[in-house]
Structures are given as structure tokens and as C-alpha cells.
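One structure below.
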Amino acid sequence: MRRTALMAAVATSAILLTACSTSTNGGSTETADKDTTAEISYAYWDATQKDAIDQIIAEFNEEYPNITVKSDVTPYSEYFGKLQTQASSDTLPDVFWMNGPNFQLYASNDKLEPLPDAIDPADYPQALTDLYSYDGARYGAPKDYDTVAVFYNKALFDEAGVEYPTDDWTWDEFHEKAKAISDALGSQGVYGTVNGLTGGQEVYYNTILQAGGEIIADGKSGYDSPEAIRGLQFVADLIADGSAPSLEQLSDTPQNVWFVNGKSAMFWSGTWSNAELRESAIVDQIGVAPLPKDERAATVIHGLANVASKASKNKAAAEAFLTFLASERAAVIQAEAGAALPAFNGTQDAFVASAPYDLQVFLDEAENSSFPYPVSKNTAAWNKLENELLPAAFSGERPVAEVAKELAEKMNAALAEEDE
Amino acid sequence: MTQTAVHGTGAAEDAAPGPGPSRGTGRLRSDIGWAMMFVLPLFAGVALFYLWPIVRNLWFSFTEWGPFGDSKWVGVDNYVDLFTDATMGRAILNTFGYTAILLCGIPLAVYFASLLNRPGLRFANVFRAAFFLPYVAMPAAIAMVWRIIFNGDFGILNYALSLVGITGPSWLSTEGVALVAVGIVGVWISLGFNLIILSAGMKGIPPELYEAASLDGATRWRQFLTITVPLLTPSIFFVSVMTVISGFQLFDLLYALMGTTNPAMEKTQSVVFYFFTNIKTGDNGYAAAIGVVILVLVGVFTALQFRLQRKWVTYV
């Protein structure tokens, strides 16, 4: 009682809160009181999720009316640069979004607060808990997850006289359909498929895995394996014979714009595209098929997590908010907004119901054919190499095998540097 | 006010050291004191926001940074890497190329300025405003418009070209073409600024010269070449110094027009863009070394221009 009165009255409650949360050991920190007064910051990058997040904050405030959550949206392209600067000066937001490629960098540099025990790992897919664990401690509360599938435009398939994809289609079938549509509708500027190639998740990580290869295995690059080369070659072939637009065309007009405007019949993308597609003009023509398979069916699975800063001055309030973000209720709000496929087990139905096309495909893939998103301690270092080297392979400027070997070599050098 | 105050204080201080010989230097010293006081606020700002960062940058260029700000001294390693870095060489060439395109805009600006300064031109102010508009408009907004114009598949430019049977490239994402496209936008933006400076310079040319020339039967073109251009050289010199500096600092247009994930960026980027790329990936020490190179390049080329101006600039 006395503590409560003090906290409500004294402006320096933050110090007290920190004191009592650090006094308990082993991560089982006390949560904040209902009338804790504090102001915390929450940073994220996806503006399309703003409505869902505002609603989550509003409902959080019903429970904790005196904790003000200031949210801060920074576009993805600037987000991690800003975060790194903030981390350098220990002014990280109290709670913020984290992704797989960046997680280990922050965890290994002691920038993150371990999760409170109130957040139960059993509520989330194991792959995500693993992705956000470092040295045996859990740091990230899984927020959502995404797998990749093929969105297709039924009207364009009909117009080109091409059969819709089936659930167990292969690379060859995919390529044939894409080529047939490009040939039939090319005069209208329509392509068979469109591939986002500025990172691996949408397309080439998947094709490498489908061919039986690995991006990274046992701390070594998998890019120089024949399977990985085959996976990259498949992507290059699509561009070479006009089934897909070139890198230059993609740079002028991003992949989602091609698809939404009916200029591409197929589109490899993840659950994150749902928010845009279900509001688009072509929503009634969209179908969803799993990714085509080669040696095996495969998609990378990745998910975002909410994390709390170790340097937070309002740890108890941050922890209360983080716990709410990780709750079933917050997951349902996100699912209903169609913003993301929530990670909380059992809340995905609302997401599946958020669009007229079949989103169940993404869940089935997650269960049956998903592979963890490739990361290491400094993922950004070799992501940069991918972005520098692979365009020449995809455009046909250099042989795929030659680029893959060079990439593997440089990536291995970057991986070796991580452990110094 | 100031005048009396200066002398007043001077006299008061003079009284203190005593008689005779120190009088002159005392006056001088106190004048310098006052001058310093007036200069100080500005100097403090310049020192804090310009000089100190340059010194820090120089220091950083000899260090290597960890992901979260911890840096260690590595001597000249960054510079050694820089001189063997093919991307840096390419970036320097690109920067020169872009600057060359910008410089081509100067004759254009001189010509337009002479048109705008024709006596009796109607709506001269409207034209001036129209030319100046791109210079004051937001670069990001300009970039959005030009992106749409230059779009390879759906852009107006390629549509226009298709009407005469030409298939245009993806202007902003094709290696080699992209730099020219960016250069054209750069010329278009800088035209307004150059026009204003050159117009002002033209106003300073005595009209009698033109009268005399036309009495002697010189055509307008002849007058332009033998009166306007030579007497305008001081303004042209100023504009070209500014153009070279802004050309060397090319960044925002590349960033906004092409975007960071552009496949042609690797081969099109400027030195400042390469600086930015390295900042983004946390190679702050290396980026600082690039910053020093930019400083040296700008310094050398500006000095060179001042040296060469003696050969072609006419001061009346």
C-alpha cells in the first residue's frame, strides 16, 4: 500500500520501479501497478499497422491508465540506422520492434532486457522463440510471423487462357505458366510473375531452399553449393526469358505496384502484403497458391518480435506494455486488422478471415514446409554482400555460378570476422 | 554610438598603462578587443558547427568503429583501403561526370539570362519566376515528379519516345544512362539559381557599349559574344565555382531519384553517396576518410579554378 501511494505521488517513481524490478533476481521481475505513472516510447516501422497498434495502446491504457505510450514510426529503410545510433548513446526506445537479421547484434551487445516469465514460450511457434533467443535467454516476444506464397490474379490467368496453379505445382509448371502469360499479354505490358529481389526473403532464399540448398549452415555460407546455384539460376532464368520484369524495371516500379495494378499475374510475397492487397482494386481476382517446389517444398519463416531496452528508465512500465503486446488480446487486434499474421497460437483464424482469398495457405506452409530465416551474429554484413553481388547474377551480366562462388567467399570472410 | 564607445574605452585604457609610448598600440589592442567581441558570436557558431566537426571527422578517419559506437585507432588503414577500393575510384569518376554535366548547364544559363534581359521583354518577371521555381521547390517533390517522368515502363518520357518508334530505357536504373538522367535534373534545378546571378551581372554592363556596338553595325549575336560574355566572366566564374562545389556534393538527387536499392546505384553513386552507404552499414571510420577525400577534392578544384580564372576572367 505504502509503495502504491508513493508511486502515485512522487515524480521519481521511475527510480523506485527500477529499484524494485532489479531487486528480484532471475528474470522474474515484478510487473507494474495499475496506477503506475510513466511515459514510455514504442518504436516500429510499418505504417500500415498503425491502426492496430493505436488500438492496442488504447486497450493497454484501459488497464494502465497512467502509462503514456508514445509511438514512433520510422520507415524501414531508416529504422535500424536510427536504432543503432540510439543504442550507441543508450537512448533506445523503451519497447521496439526487432527482426531476425538484427536481433543477435543487439542481444550479443547487451542492449536488450530478457523477457519476463509472464510471457510463456508455449504460446508461440518454436521457430520464433529460437530466433529470438541468445545464449539460452529469451529476449523477443514474438509478434507475428510470415511465410511466403504466390498471390495470383485470376482475371489475368483467364485472359491468357492459363490454368490456375495447383497446390503441389513444381518449378517447371510455375515457369511455364509465367512464360505463357508474358507471351499472351506482353503487348499490354503484363508479365507472368514479379519478383522482389532486394532481399532474399521474398524469392531467392526460398528457391535456394527448394533446390535443397542452404543460405547459411554451421556458420558457413551455403551459396557456393550446386543446389544454391540452381536456386539462383531459376530466378535469373525467369528474367532472362521475359517471364518476369528486369531489375531495372523493378527499381522503377516496385513489385507490389506491378501486381496491384494488374501488370503482373503472379507475385511472390508474404503475409505482410495482405494489408495492401485486401484493400486493393483487384481484391476479388486474387488467389493464393503455395510456393512451387523443386527438390522439396520450402519457404523461409520469419517473424518480428517486440523487445525491451536494457537501458530503459521505466523498466516496470516497459515490461507491462511488452507483456500486453505479447498477450492473446493484442494478437487478436492485429489479426482482425489484417495487418499481420499474429504469432500467438490459436489467434490466426481472425487473420485468415480478414481477406476473401485463401490465407490458410500461409499457415499450412508454416506448419509443413517452413525453414528458419537465415541469421548470424552480424547478418547485416553479409546481407550487404548479397545486395552488392547478386544483381549481376540475376540480370545475366555475370554467370550465376561465378557470382555465387564470390559471394560465398566474401560471406565466409564476414562470418569469420564475427567471432573475433 | 559604437564609434564613441570604442574611443571612450580606448581612452580609459590608455590612462592605465601610463604615459607616452604605449598610446598607439594600446588603441590598436583595444580596437582588436572590440572587433573580436563582434566576431565572436559568429566565430563560435562556425567553430562549433563547422570547424570542430571537421577536426573530429579527421580524427574518426583514423579509427574503426564497432556496431555501437566503440572505436579503435587503426592509423592510415582506412586511407590505404580507400586508395585500392575500385568502388571509390568509380564514385570519384561519377562525381566528375555529374559535375561536368552541371557545368554544361552554365552556357545554357548565360544564353537564357541574355534572353531574359532583352530590353522590352514582356512578362520578364513571370519567366524569371518560372525558371527560379525548381530551385526553391522541395527536392523530394521534384524527385517524385521526375521519377514518374523517367519511369521505364509507365513514364511520360518513354511514352513520348514510343510515339516516334523509340523504345526508351529505364532511365534511372540503367547503368550509364542513370547518371545522365540525374545530371539533366541537376541542370534543370540549378538553372534558376545561375540565371539570377548572371542576370544581376548583366545589369552591371553599361548600356552605352551596346549602343556603340549597334551603331557600328554589330548584330545581336555579335554583341552577345563580344560584349555580354566577356563582361559577364566574373559572374560566370562565380557560378562555375558554386557549380563545381555543389556537383561534388551530389547526394540528395541520387537518393531521391534512384533509391538505395537501385541495381544501377553501385556503378552510378557519387562520393558523398558512397560516404552515406558506409555510414549506413556502420563503417563510420571509413566514411570519415571518404569525407576527408571530398574536402580535399573540393579544396583542390576550387583553388585550381581561382588560379585559372586569371586566364579568362575580365574585370572592368
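Just so you know, the protein sequences line up as chains C and X, in that order. Residue numbers for the first sequence follow this note's numbering, so the first one is -6 and each next one is one higher. Residue numbers for the second sequence follow this note's numbering, so the first one is 15 and each next one is one higher. In this text, a Cβ means the ideal position worked out from N, Cα and C, and glycines have one as well. Keep in mind that this is a model prediction, so the values were computed, not measured.
- Across the stretch 160 to 186 of chain X, CB contacts with chain C closer than 7 Å involve ASN165, GLY166, ASP167, PHE168, SER184 and LEU186, in sequence order along the chain.
- Counting only runs of 4+ residues, the alpha helix (DSSP H) found wholly inside the stretch 361 to 403 of chain C occupies 372 to 387, in chain order.
- The beta carbon of PRO277(X) sits closer than 7 Å to some beta carbon of chain C.
- Against chain X, the beta carbon of THR29(C) has no neighbour under 7 Å; the closest one sits roughly 30 Å away.
- With contacts defined by Cβ atoms closer than 7 Å, ASN71(X) and GLY305(X) form a contacting pair.
- Taking C-beta atoms as the reference points, GLU220(C) and ALA210(C) fail to come closer than 7 Å.
- Not one beta carbon of chain C lies nearer than 7 Å to the beta carbon of PHE290(X).
- Annotation note: the stretch 250 to 290 of chain C contains the following uninterrupted alpha helix (DSSP H) runs of length 4 or greater, listed N- to C-terminal: 267 to 270.
- Between LEU171(X) and GLY182(X) the beta-carbon gap is near 6 Å, inside 8 Å, which marks them as a contact.
- In terms of beta-carbon proximity, ASN249(C) stays away from the interface with chain X, with every pair separated by 7 Å or more.
- Using a CB distance cut-off of 7 Å, GLN242(C) counts as an interface residue toward chain X.
- From the listed residues VAL196(C), ILE174(C), THR340(C) and TYR37(C), the smallest Cα separation to LEU383(C) is found for VAL196(C).
- In chain order, LEU85 place their CB closer than 6 Å to the CB of GLN79(C), counting only its own chain and leaving out the 5 sequence neighbours on each side.
- Interface with chain X (7 Å Cβ-Cβ cutoff): THR191(C) is included.
- Within chain X, the C-beta atoms nearer than 7 Å to that of ASN102(C) come from PRO81 and PHE82, in chain order.
- In the DSSP annotation of this structure, the continuous segment of the alpha helix (DSSP H) that includes ASN108(X) starts and ends at 100 to 130.
- Remark: three or more beta-carbon pairs, one from each stretch, lie closer than 8 Å, so the stretch 213 to 220 of chain X and the stretch 230 to 250 of chain X are flagged as touching.
- Judged by pairs of C-beta atoms under 8 Å, the stretch 262 to 271 of chain C touches the stretch 345 to 353 of chain C, as three or more such pairs exist.
- Using a Cβ-Cβ cut-off of 7 Å, PRO384(C) counts as an interface residue toward chain X, since at least one Cβ of chain X sits closer than that to its own.
- Taking the C-beta atoms as reference points, SER244(C) is found no nearer than 7 Å to ASN405(C).
- The continuous alpha helix (DSSP H) containing THR291(X) extends over residues 285 to 294.
- CA-to-CA, the gap between GLN323(X) and THR316(X) works out to about 11 Å.
- In this structure, ARG131(C) places its C-beta atom within 7 Å of the C-beta atom of LEU108(C).
- In the structure shown, the three-state DSSP call for ASN95(C) is helix.
- Using a Cβ-Cβ cut-off of 7 Å, ASP137(C) does not count as an interface residue toward chain X, since no Cβ of chain X sits closer than that to its own.
- Going by beta carbons, ALA105(X) and SER284(X) fall inside the 7 Å limit.
- For GLU78(X), there are no C-beta contacts with chain C under 7 Å, since the nearest C-beta of that chain is about 12 Å from it.
- Residue contact with chain C for THR188(X): present (Cβ-Cβ distance below 7 Å to some residue of chain C).
- In the three-state scheme derived from DSSP, where H, G and I count as helix and E and B as strand, PRO153(X) is classed as helix.
- Under a criterion of Cβ atoms nearer than 8 Å, the residues of chain C adjacent to THR274(X) are, in order, SER70.
- In terms of Cβ geometry, TYR35(C) and VAL62(C) form a close pair [threshold 7 Å].
- If you check the CB distance, PHE141(X) and LEU209(X) do not come in under 7 Å.
- The way I'd put it, the stretch 162 to 170 of chain C doesn't touch the stretch 358 to 366 of chain C; fewer than three beta-carbon pairs between them come closer than 8 Å.
- Per DSSP, reduced to three states, the secondary structure at ASN165(X) is coil, with no helix or strand assignment.
- Residue pairing by DSSP places ASP137(C) opposite PRO335(C) in a beta bridge.
- Ranked by Cα distance from ALA31(C), the options ASN371(C), ALA313(C), GLU399(C) and ALA343(C) are led by ALA313(C).
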